[in-house]
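**Student:** Right, I'll just put the structure down here and ask away after.
2 protein chains.
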Amino acid sequence: MAQEIERKYLVQPTDFSAISKKSVRIVQGYLSSVPERTVRVRIKGEAGFLTIKGIGSASGASRYEWEKQISVEEAKELLAICEPGVIDKTRYLVDFEGHTFEVDEFYGDNQGLIVAEVELESEEQAVAKPAWLAEEVTGDAKYYNSMLMKAPYSTW
Amino acid sequence: MAQEIERKYLVQPTDFSAISKKSVRIVQGYLSSVPERTVRVRIKGEAGFLTIKGIGSASGASRYEWEKQISVEEAKELLAICEPGVIDKTRYLVDFEGHTFEVDEFYGDNQGLIVAEVELESEEQAVAKPAWLAEEVTGDAKYYNSMLMKAPYSTW
């Protein structure tokens with residue numbers, strides 16, 4: 001399976017609604033966050049989703065995934081019983097010199113945090129950096145969504 | 001809300017397929033078994049179900065429940081990633097002198113265990129006992145399905 005190569009950066013506050021080609025509000029929580037069997041509830045724009053994943057194989061090549069679309073109403077009810085630490089963010093897609101940056105602007109307990117991810121074809125590939133891009137935080141676990149639930153930005 | 005009054009009994013080995021009016025094989029496991037948010041996968045006969053429940057209110061009067069029918073194939077895939085301790089049993093409905101007994105005959109790690117439940121209208125209501133009914137175990141936590149997953153009959 002192809003390996004995903006992504007770099008993650010902190011981002012300076014910017015009016016992304018003005019420069020993004022697309023944006024969507026994402027609210028998500030977990031009914032189970034243990035890696036062997038995660039059960040995620042997500043509202044993405046006007047759709048709800050229930051997603052169940054098994055643990056990845058040792059090689060990382062495969063991970064069982066089951067997903068069903070549900071109504072936003074059902075998703076809201078399920079979010080109400082999720083583990084504490086629901087993630088609430090707007091995801092903006094911003095094109096810059098041949099790459100698309102996925103910018104996540106967080107709300108709630110992670111208000112003030114903005115991160116951007118860009119997918120690369122190789123680890124060596126150069127990325128032209130927009131002015132709003134700040135420090136690289138690739139691989140820093142405290143920026144994982146799963147960590148931001150348990151130890152949100154406001155508690156750092 | 002009406003209170004359920006049920007009595008539970010151990011049962012002597014009997015050919016229930018001959019005396020029951022109805023029977024169904026039930027296989028179930030949990031993706032999450034914490035009381036605040038249980039996620040149960042069940043195959044009941046030819047149908048699969050995914051059932052999510054919140055914790056009961058302090059009064060016990062209400063508990064949020066969400067259920068979707070899924071295919072048996074999907075349920076089998078989801079059972080494969082459930083917490084250890086899948087419950088496998090046949091449920092027989094057996095009529096006896098005006099009451100219907102729900103008899104659960106267990107397989108797998110609970111092989112050898114057979115229990116019967118009967119619903120009553122009041123705690124004082126008398127129950128005519130069929131010959132195969134043995135010791136009463138009402139309220140004994142080790143016979144709860146949730147306990148039989150973690151501490152199955154074969155380990156007692």
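Just so you know, the sequences run in chain order A and B.
Position one of the first sequence corresponds to residue 1 (UniProt numbering), numbered consecutively onward.
Position one of the second sequence corresponds to residue 1 (UniProt numbering), numbered consecutively onward.
Don't be surprised by glycine CBs; every beta carbon is placed ideally from N, CA and C.
(1) Which chain A residues are close to residue 188 (chain B), counting only those with a beta carbon under 9 Å from its beta carbon?
(2) Have a look at the DSSP bridge pairing and note the partners of Thr155 (chain B).
(3) In angstroms with no decimal places, state the Cα-to-Cα distance between Ser32 (chain B) and Lys129 (chain A).
(4) What does Gly54 (chain B) touch in chain A if you count any residue whose Cβ is under 7 Å from its own?
(5) For the candidate residues B:Asn145, B:Val11, B:Glu6, whose alpha-carbon lies nearest to that of Val103 (chain B)?
(6) Measure how close the beta-carbons of Gly45 (chain A) and Leu79 (chain A) come, nearest whole angstrom, since I'm counting them as under 8 Å.
(7) Mind checking which residues open and close the beta strand (DSSP E) that includes Lys150 (chain A)?
(8) Going along the chain, which residues of its own chain have a beta-carbon closer than 7 Å to the beta-carbon of Lys89 (chain B), five neighbours each way excluded?
(9) Tell me whether Ser154 (chain B) is buried or exposed, calling it buried when 16 or more other Cβ atoms sit within 10 Å of its Cβ.
(10) I'd like to know whether the C-beta of Met1 (chain A) is nearer than 8 Å to at least one C-beta of chain B.
(11) Taking Ile81 (chain A) and Arg37 (chain B) to be in contact with their CB atoms under 8 Å, please state how far apart those CB atoms are, rounded to whole angstroms.
(12) At what residue ranges does the UniProt domain "CYTH" (2–150) of chain B contain a whole run of the beta strand (DSSP E), taking only runs of 3 or more?
(13) Checking 8 Å against the spacing of the C-beta atoms, do His99 (chain B) and Val118 (chain B) come in under that value?
(14) What residues in its chain sit with their C-beta under 6 Å from that of Glu65 (chain A), if we drop five residues either side in the sequence?
(15) Run down chain B in chain order and give the residues with a C-beta less than 7 Å from the C-beta of Ser122 (chain A).
(16) Quick one: does Val72 (chain A) have its CB under 8 Å from some CB of chain B?
(17) State the Cα-Cα distance for the pair Lys8 (chain A) and Ala141 (chain A), rounded to the nearest angstrom.
(18) Out of curiosity, what's the CA-to-CA distance linking Thr51 (chain A) and Glu135 (chain B)?
(19) Can you give me the Cβ contacts of Glu6 (chain B) inside the same chain, cut-off strictly under 6 Å, excluding the 5 residues immediately before and after it?
(20) Between Glu77 (chain A) and Ala18 (chain B), what straight-line distance do the alpha-carbon atoms span, to the nearest angstrom?
(21) Compare the beta carbon distance of Pro152 (chain B) and Asn110 (chain B) with 8 Å and say whether it is the shorter of the two.
(22) Give me the chain A residues within the contact set of Trp66 (chain B), using Cβ-Cβ distance strictly less than 8 Å, ordered along the chain.
(23) Can you give me the Cβ contacts of Val127 (chain A) inside the same chain, cut-off strictly under 8 Å, excluding the 5 residues immediately before and after it?
(24) Just the Cα atoms here: how many angstroms apart are Ser71 (chain B) and Ala47 (chain B)?
(25) Measuring only between beta-carbons, confirm whether Val27 (chain A) sits less than 8 Å from chain B.
(26) Is Ser20 (chain B) closer than 8 Å to Val94 (chain B) when the C-beta atoms are compared?
(27) Going by Cα to Cα distance, which pick from A:Met149, A:Ser146, A:Val39 is closest to Glu67 (chain A)?
(28) Assuming Ile91 (chain B) and Val137 (chain B) make a contact with CB atoms under 8 Å, what is their CB distance in whole Å?
(29) Taking the C-alpha atoms as reference points, what is the distance between Leu113 (chain A) and Tyr144 (chain B)?
(30) Between the C-alpha atoms of Ile55 (chain A) and Trp132 (chain B), what's the straight-line distance to the nearest angstrom?
**Tutor:** Let's see:
(1) Only positions 1 to 156 of chain B appear in the structure, and residue 188 (chain B) is not among them; the question remains open.
(2) Partner(s): none; Thr155 (chain B) has no beta bridge.
(3) Their Cα atoms are separated by approximately 43 Å.
(4) For a Cβ distance threshold of 7 Å, residue set Ile81 of chain A lies close to Gly54 (chain B), ordered along the chain.
(5) Ranking B:Asn145, B:Val11, B:Glu6 by Cα distance to Val103 (chain B) puts B:Val11 first.
(6) Between Gly45 (chain A) and Leu79 (chain A) a beta carbon distance of about 15 Å is seen, past the 8 Å cut, so the two are scored as non-contacting.
(7) Counting along the chain, no beta strand (DSSP E) covers Lys150 (chain A); the unbroken alpha helix (DSSP H) around it starts and ends at 145–150.
(8) Counting only Cβ-Cβ distances below 7 Å, and skipping sequence neighbours, we find Ile26, Asp104, Glu105, Phe106, Tyr107.
(9) By the 10 Å Cβ count, Ser154 (chain B) comes out exposed.
(10) Residue placement at Met1 (chain A) is flagged as unreliable, the pLDDT there being 39, under the threshold of 50; a coordinate-derived value is accordingly withheld.
(11) Yes, they are in contact, since the Cβ atoms of Ile81 (chain A) and Arg37 (chain B) sit about 5 Å apart, within 8 Å.
(12) Listed in chain order, they are 5–11, 22–32, 37–44, 47–54, 65–70, 87–96, 99–106, 114–120, 133–136.
(13) For His99 (chain B) and Val118 (chain B), yes; Cβs fall inside 8 Å.
(14) Correct list, in chain order: Lys53.
(15) Those do not exist, as Ser122 (chain A) stays about 33 Å from chain B at its closest Cβ, beyond 7 Å.
(16) So no, Val72 (chain A) is outside the interface.
(17) When rounded, the distance between both Cα atoms is 11 Å.
(18) Rounded to the nearest angstrom, the two C-alpha atoms are 44 Å apart.
(19) Cβ-Cβ distances below 6 Å link Glu6 (chain B) to Glu117, Glu119 in the same chain, with the five nearest sequence neighbours on each side left out; the list follows chain order.
(20) Straight-line Cα distance between these residues: approximately 44 Å.
(21) A contact, by the Cβ cut-off of 8 Å.
(22) For Trp66 (chain B), the chain A residues whose Cβ falls inside 8 Å of its Cβ are Glu74, Glu77, Leu78, in order along the chain.
(23) The residues are Arg7, His99, Val118, Leu120.
(24) Cα to Cα, the separation comes out at about 6 Å.
(25) No, its Cβ sits nowhere closer than 8 Å to a Cβ of chain B.
(26) A contact, by the Cβ cut-off of 8 Å.
(27) Out of A:Met149, A:Ser146, A:Val39, A:Val39 has the C-alpha closest to the C-alpha of Glu67 (chain A).
(28) It is Arg, not Ile, that sits at residue 91 (chain B) in the sequence shown. Wrong, their Cβ atoms sit about 17 Å apart, outside the cutoff.
(29) If you take the alpha carbons of Leu113 (chain A) and Tyr144 (chain B), they lie about 46 Å apart.
(30) Their Cα atoms are separated by approximately 45 Å.
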